[in-house]
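Visitor: Chains as they are written, first to last, in the UniProt record's numbering: chain A, 1 to 448; chain B, 1 to 448.
Got a structure for you, questions after.
Number of protein chains: 2
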Amino acid sequence: MATKISPLSGFPELLPEQRYVEQQVIDTLRHTFELHGFAGIETRAVEPLDQLLRKGDTSKEVYLLRRLHEESAEGHAGLGLHFDLTVPFARYVLENAGKLEFPFRRYQVQKAWRGERPQEGRYREFTQADIDIIGRDVLPFHHDVEVTRVMVDALNRLDFLPGFRLQVNNRKLIQGFYAGLGITDGDEVMRVVDKLDKLPTERVRSMLVEEAGLDGATADRVLGLATIRATDDSFVAAVRALGVEHELLEEGLAELAELVSSCADLVSDRVRVEADLSIARGLDYYTGTVFETRLDGYESMGSICSGGRYDALASDGRTTYPGVGISLGVSRVVVPLLARTGLTATRRVPSVVVVALTDEGSRPASEAVAHALRARDIACEVAPSPQKFGKQIRFAERRGIPYVWFLSDGGHQVKDIRSGEQVDADPTTWTPPAEDLRPTITSKEQNQ
Amino acid sequence: MATKISPLSGFPELLPEQRYVEQQVIDTLRHTFELHGFAGIETRAVEPLDQLLRKGDTSKEVYLLRRLHEESAEGHAGLGLHFDLTVPFARYVLENAGKLEFPFRRYQVQKAWRGERPQEGRYREFTQADIDIIGRDVLPFHHDVEVTRVMVDALNRLDFLPGFRLQVNNRKLIQGFYAGLGITDGDEVMRVVDKLDKLPTERVRSMLVEEAGLDGATADRVLGLATIRATDDSFVAAVRALGVEHELLEEGLAELAELVSSCADLVSDRVRVEADLSIARGLDYYTGTVFETRLDGYESMGSICSGGRYDALASDGRTTYPGVGISLGVSRVVVPLLARTGLTATRRVPSVVVVALTDEGSRPASEAVAHALRARDIACEVAPSPQKFGKQIRFAERRGIPYVWFLSDGGHQVKDIRSGEQVDADPTTWTPPAEDLRPTITSKEQNQ
Chain A
1 MATKISPLSG FPELLPEQRY VEQQVIDTLR HTFELHGFAG IETRAVEPLD
51 QLLRKGDTSK EVYLLRRLHE ESAEGHAGLG LHFDLTVPFA RYVLENAGKL
101 EFPFRRYQVQ KAWRGERPQE GRYREFTQAD IDIIGRDVLP FHHDVEVTRV
151 MVDALNRLDF LPGFRLQVNN RKLIQGFYAG LGITDGDEVM RVVDKLDKLP
201 TERVRSMLVE EAGLDGATAD RVLGLATIRA TDDSFVAAVR ALGVEHELLE
251 EGLAELAELV SSCADLVSDR VRVEADLSIA RGLDYYTGTV FETRLDGYES
301 MGSICSGGRY DALASDGRTT YPGVGISLGV SRVVVPLLAR TGLTATRRVP
351 SVVVVALTDE GSRPASEAVA HALRARDIAC EVAPSPQKFG KQIRFAERRG
401 IPYVWFLSDG GHQVKDIRSG EQVDADPTTW TPPAEDLRPT ITSKEQNQ
Chain B
1 MATKISPLSG FPELLPEQRY VEQQVIDTLR HTFELHGFAG IETRAVEPLD
51 QLLRKGDTSK EVYLLRRLHE ESAEGHAGLG LHFDLTVPFA RYVLENAGKL
101 EFPFRRYQVQ KAWRGERPQE GRYREFTQAD IDIIGRDVLP FHHDVEVTRV
151 MVDALNRLDF LPGFRLQVNN RKLIQGFYAG LGITDGDEVM RVVDKLDKLP
201 TERVRSMLVE EAGLDGATAD RVLGLATIRA TDDSFVAAVR ALGVEHELLE
251 EGLAELAELV SSCADLVSDR VRVEADLSIA RGLDYYTGTV FETRLDGYES
301 MGSICSGGRY DALASDGRTT YPGVGISLGV SRVVVPLLAR TGLTATRRVP
351 SVVVVALTDE GSRPASEAVA HALRARDIAC EVAPSPQKFG KQIRFAERRG
401 IPYVWFLSDG GHQVKDIRSG EQVDADPTTW TPPAEDLRPT ITSKEQNQ
């Protein structure tokens, strides 16, 4: 392999001790999702281009595939890499509807690709973890509560990460409020209001008047709605105080109030749930509940966990499969954290023990010790060469492996190289303390 | 989403109960690799095209990337999807050499892509599981033994799959033998001998004479070598009986004999290790040990687990990083097995319990039971609607969930819907039998 090796911008790669952190995040998510009855699936990395381009606003970011010696430059049979896991999942449900049981709960942890400009938290290749519940014809609202609770449960379990603020809203609430105000182009108003997290309120107000054609009083009430926030159902009274009435608004208020109160028992100092009436999820396909999530200390990255209710994403013309889901940007959370906080595994390898090697001829004896330890699920490795024991200990030390096992004619001993304590040990019974068995997660700052 | 949904040839997708089988394979591999001290990494899906095309024979199979609105049709900055995990890993080692500890053991389970014609066991998108050990400057031979033993250990643990026959050989043995016979173009001879598994011996002999320019006696001895097989070191005597002498041949014989005898204690009825002197791994970069593996009953698919020693794959000009590795084609094994044997999970969801719902108003009480069960790592779900209990039981049955939990004023009861047995239960103490806790793997034929 030639030289000239350099990283590709937007395609982050991790060192083994960093990958361990990402793997722990994924394992924790998967464990939580399975506890809640979600089945894991994967979809292929590619979709037909016409499926990928249905959401016009992301079309420019799609990666097309072409085989090297293919005649056409139009892409291999019109295939592109998926840019999220929702569009492929909707296609999977339609393709396999006859073989699935509904309501269908699935989780999916996979890579996705977008050709956009790389920046912190935005990558061209990234891992997402999605949960969705799909019904056939109908999907009761309690499933909106369910996916929220599952994600809050998962985020609570990721206790080595900073805190999360889950912001929830409801499209019916917004649309009903706008309809009650007599606004005809609600989508355009929503698009402008979406800019509140980037532009000053005054600027957004001007845009509502000039671009969306609202009168000043209506614009003020629209902005009044968008500034309401509450961690309980007190937002209902705040909305009512704005004096707008509409059936759809009532429906949205009731749903959002139920969502917030149903999560109250799971909320912690680290993971909060907040009704935030500015959240609208732009041009997406959502029809009810919408989610965004901010990572404490990384608010400038925007939402790292988003989703909502979509009643019409998957339909084969005869049957509609309404769904609700939420998607955590694993890379968006993990990669910036690794870089900024030095989050890392306590060791670079899974091994908890290095079995020392007295001389090359006694390798089978050392291997037998390793074999006995592995039979009891203790990860270990045999020293690569029969160097002086001091060097073998330093070999373990450099990898962060806490124990070294010595064989001698008198019997076996194991040394905790952190404390220096060395005790007699039998490979068929010795067990390391539970906290040493696997690497744990720490930050370099804490370590020093 | 419009209609017109159909599978893409060469991009297999699995139903949840099938994905569970694949996930079990991957989890078992990962667990085994970690027990042996291998650290997990992932590399990006894309590599610069000049890296991917170094192995000329696969160049036609590479998928190029291009962004939708990109000017150039030449591919996005010359990027393509990786077609294996070895080339990216060699690049990763060079890129991160200063941050890694050697010998570096890593495993990597990821998708790869090749644009070749799909057939059973050959897909355009597939999952591979690789282990490799990389040294700096040198890598002693005992690591060849190590990767073999790790993979044999892993295959032994995949006890729901058919048996495996690991075929090992050594390039030094072949090259030394050819050199001892005075053959100058060993690569060409090796290429012809590689056809022995597809063509009759007589045909290969003609090709050796006509295409590779050997005389008849030499061709006979080349074929004599290629037909030697043994499950112990008796192959050494068989090679010696062919009367060829060369230093490199002796080195290869010694290494191969050590490899075969060092695995003797791990060999089982299901997983055998055999010296097969016809194995050469074609045009690959191997320099010593080579592996191929046949899946019992699926021999026509060819090798499903291959690899070997590569002394010169990764080099930055100053330092060389010799390595040895082996790669299991997870999709190549799992996808045909699912199709042919109906291998599947005992249930379609992780849940072991459905908590029944008396009426919609008592959903919080049912959720509280589920919460208590999950707190003790028991996967469960609450029934989606308060249908008659008979229907809720059938809901569980259709998913293969073995238990239904009932709440009543008198207390809680749990029913094993297979036996009909129903007993009093407390959600803070009840635990299902260990064999029910997670789905297990079965085949549809066994089930019926």
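By construction, the Cβ of each residue, glycine as well, lies at the ideal position given by its N, Cα and C atoms.
Does the beta carbon of residue 23(A) sit closer than 8 Å to a beta carbon anywhere in chain B?
Guide: Taking the first residue of the first sequence as position 1, residue 23(A) is located at position 23. It does: the Cβ of residue 23(A) has a partner Cβ on chain B nearer than 8 Å.
Visitor: In chain order, what residues of the same chain have a beta carbon less than 6 Å from the beta carbon of residue 412(B), not counting five sequence neighbours either side?
Guide: Residue 412(B) sits at position 412 when you count from the first residue of the second sequence. 425.
Visitor: Pull up the CB-CB distance for residue 225(B) and residue 239(B), whole angstroms please, since I reckon it's below 8 Å.
Guide: The sequence position of residue 225(B) within the second sequence is 225, counting from 1. The sequence position of residue 239(B) within the second sequence is 239, counting from 1. Right, the Cβ-Cβ distance comes to about 7 Å (below 8 Å), so this counts as a contact.
Visitor: List, in order along the chain, the chain B residues whose C-beta lies closer than 9 Å to that of residue 377(A)?
Guide: Numbered from 1 along the first sequence, position 377 holds the residue referred to as residue 377(A). Within 9 Å Cβ-Cβ: 31 and 35.
Visitor: With burial defined as no fewer than 16 other Cβ atoms inside 10 Å of the residue's Cβ, what is the status of residue 331(A): buried or exposed?
Guide: By 1-based counting over the first sequence, the position of residue 331(A) is 331. Under this definition residue 331(A) is a buried residue.
Visitor: Which whole-angstrom value is the C-beta distance of residue 89(B) and residue 136(B), which I expect to be below 8 Å?
Guide: Along the second sequence, read from residue 1 onward, the residue named residue 89(B) stands at position 89. Along the second sequence, read from residue 1 onward, the residue named residue 136(B) stands at position 136. Contact flag wrong, Cβ pair sits at about 15 Å.
Visitor: Indicate whether at least one CB of chain A lies closer than 8 Å to the CB of residue 380(B).
Guide: As a working mapping, residue 380(B) is identified with position 380 in the second sequence. Residue 380(B) counts as touching chain A.
Visitor: Check each candidate in 178(A), 32(A), 98(A) and 375(A) and name the one with the smallest Cα separation from residue 243(A).
Guide: Position 243 of the first sequence holds residue 243(A). Selected option, being the one with the closest Cα: 178(A).
Visitor: Would you call the CB atoms of residue 166(B) and residue 323(B) closer than 8 Å?
Guide: On the second sequence, residue 166(B) is found 166 positions in, with the first residue counted as 1. On the second sequence, residue 323(B) is found 323 positions in, with the first residue counted as 1. Contact: no.
Visitor: By how many angstroms is the C-alpha of residue 117(B) removed from the C-alpha of residue 454(A)?
Guide: Nothing about residue 454(A) can be read from this structure; chain A reaches only from 1 to 448.
Visitor: Let's see if you can read the secondary structure: which residues bound the beta strand (DSSP E) around residue 395(B)?
Guide: Start at 1 with the first residue of the second sequence, and residue 395(B) comes out as number 395. Residue 395(B) -> not in any beta strand (DSSP E); alpha helix (DSSP H) instead, spanning 389–399.
Visitor: Per DSSP, what kind of secondary structure is residue 428(B) in: helix, strand or coil?
Guide: Taking the second sequence and counting its residues from 1, one reaches residue 428(B) at position 428. Here residue 428(B) sits in coil by DSSP.
Visitor: Could you work out which residues of chain B lie near residue 351(A), taking near to mean beta carbons separated by less than 7 Å?
Guide: Against the first sequence, residue 351(A) aligns to sequence position 351. Correct list: 37.
Visitor: Just the C-alpha distance for residue 245(A) and residue 237(A), rounded to the nearest angstrom, thanks.
Guide: On the first sequence, residue 245(A) is found 245 positions in, with the first residue counted as 1. On the first sequence, residue 237(A) is found 237 positions in, with the first residue counted as 1. Rounded to whole angstroms, residue 245(A) to residue 237(A) spans 13 Å at the Cα level.
Visitor: Under 7 Å between beta-carbons, which chain B residues line up against residue 111(A)? List them in chain order, please.
Guide: Counting from one through the first sequence, the residue named residue 111(A) turns up at place 111. 45, listed in chain order.
Visitor: State the start and end residues of the unbroken beta strand (DSSP E) segment that holds residue 11(A).
Guide: Taking the first residue of the first sequence as position 1, residue 11(A) is located at position 11. Here residue 11(A) belongs to no beta strand (DSSP E), and DSSP marks it neither H nor E.
Visitor: Using only alpha-carbon positions, find the residue among 205(B), 271(B) and 348(B) that is nearest to residue 39(A).
Guide: Counted from its first residue, the first sequence places residue 39(A) at position 39. For residue 39(A), the nearest C-alpha among the options comes from 348(B).
Visitor: Select from 319(B), 298(B), 134(B) and 325(B) the residue whose C-alpha is nearest the C-alpha of residue 306(B).
Guide: Position 306 of the second sequence, counted from the first residue, corresponds to residue 306(B). For the residues 319(B), 298(B), 134(B) and 325(B), the minimum Cα distance to residue 306(B) belongs to 325(B).
Visitor: Measuring CB to CB, does residue 111(B) end up less than 8 Å from residue 86(B)?
Guide: As a working mapping, residue 111(B) is identified with position 111 in the second sequence. As a working mapping, residue 86(B) is identified with position 86 in the second sequence. It is not a contact, given that the beta carbons lie outside the stated cut-off.
Visitor: If you count every other CB in all the chains shown that lies within 10 Å of the CB of residue 377(B), and 16 or more means buried, which is it?
Guide: Counting from 1 along the second sequence, the entry for residue 377(B) is found at position 377. Counting Cβ neighbours within 10 Å, residue 377(B) comes out exposed, since fewer than 16 surround it.
Visitor: Beta-carbon within less than 7 Å of residue 334(B)'s beta-carbon, same chain only, minus the 5 sequence neighbours each way: which residues are those?
Guide: One-based indexing of the second sequence puts residue 334(B) at position 334. Excluding residues within five positions, the ones whose Cβ falls inside 7 Å are 21, 22 and 25.
Visitor: Give the DSSP-derived three-state secondary structure of residue 441(A) in the structure shown.
Guide: As a working mapping, residue 441(A) is identified with position 441 in the first sequence. Residue 441(A): strand per DSSP, three-state reduction.
Visitor: So, helix, strand or coil for residue 132(B), using DSSP?
Guide: Working through the second sequence from its first residue, we reach residue 132(B) at position 132. Residue state, collapsed to three classes: strand.
Visitor: Measure the C-alpha to C-alpha separation of residue 168(A) and residue 12(A) and round it to an integer number of angstroms.
Guide: Numbered from 1 along the first sequence, position 168 holds the residue referred to as residue 168(A). Numbered from 1 along the first sequence, position 12 holds the residue referred to as residue 12(A). Near 30 Å, if we compare the C-alpha coordinates of residue 12(A) and residue 168(A).
Visitor: Identify every run of the beta strand (DSSP E) within the stretch 158–246 of chain A, keeping only runs that are complete inside it and at least 3 residues long; order them along the chain.
Guide: Runs found: 164–170.
Visitor: Cα-Cα, which of 18(A), 52(A) and 141(A) is closest to residue 385(B)?
Guide: Your numbering for residue 385(B) matches position 385 in the second sequence. With distances taken between Cα atoms, residue 385(B) lies closest to 141(A).
Visitor: If residue 134(A) and residue 93(A) are in contact, beta carbons under 8 Å, what's the gap, nearest whole angstrom?
Guide: As a first step, residue 134(A) must be located in the first sequence, where it is residue number 134. As a first step, residue 93(A) must be located in the first sequence, where it is residue number 93. Going by Cβ atoms, the distance from residue 134(A) to residue 93(A) rounds to 5 Å, so yes, they are a contact pair.
Visitor: Whole angstroms are fine: how far does the CA of residue 401(A) sit from the CA of residue 97(B)?
Guide: Position 97 of the second sequence, counted from the first residue, corresponds to residue 97(B). Position 401 of the first sequence, counted from the first residue, corresponds to residue 401(A). About 20 Å.
Visitor: Figure out for me which residue from 256(A), 105(A), 296(A) and 199(A) has the closest Cα to the Cα of residue 399(B).
Guide: Sequence index remark: in the second sequence, residue 399(B) carries index 399 (1-based). Measuring from the Cα of residue 399(B), the nearest candidate turns out to be 105(A).
Visitor: Going along the chain, which unbroken runs of the beta strand (DSSP E) with 3 or more residues stay wholly within the stretch 38–107 of chain B?
Guide: Counting whole runs of 3 or more residues, the stretch 38–107 of chain B contains the beta strand (DSSP E) stretches 46–48, 63–67 and 79–81.
Visitor: Could you check how far apart the C-beta atoms of residue 368(B) and residue 439(B) are, in whole angstroms? I think they sit under 8 Å.
Guide: Sequence index remark: in the second sequence, residue 368(B) carries index 368 (1-based). Sequence index remark: in the second sequence, residue 439(B) carries index 439 (1-based). At roughly 25 Å, the Cβ-Cβ gap does not stay under 8 Å, so residue 368(B) and residue 439(B) are not in contact.
Visitor: Can you give the Cα-Cα distance for residue 241(B) and residue 250(B), rounded to whole angstroms?
Guide: As a first step, residue 241(B) is located in the second sequence; it is residue number 241 there, counting from the start. As a first step, residue 250(B) is located in the second sequence; it is residue number 250 there, counting from the start. Straight-line Cα distance between these residues: approximately 13 Å.
Visitor: List the residues of chain A that residue 103(B) touches, going by C-beta distances under 8 Å, in chain order.
Guide: What you label residue 103(B) is simply residue 103 of the second sequence in a count that begins at 1. Under the 8 Å cutoff, chain A gives 384.
Visitor: Please classify residue 130(B) as buried or exposed, where buried requires at least 16 neighbouring CB atoms within 10 angstroms.
Guide: In the second sequence, residue 130(B) corresponds to position 130, counting from 1. Result: buried.
Visitor: Taking 8 Å as the CB-CB limit, is residue 11(B) close to chain A?
Guide: What you label residue 11(B) is simply residue 11 of the second sequence in a count that begins at 1. True, the Cβ-Cβ gap to chain A drops below 8 Å.
Visitor: Once DSSP output is grouped into helix, strand and coil, what is the label at residue 141(A)?
Guide: The sequence position of residue 141(A) within the first sequence is 141, counting from 1. DSSP places residue 141(A) in coil when its eight states are reduced to three.
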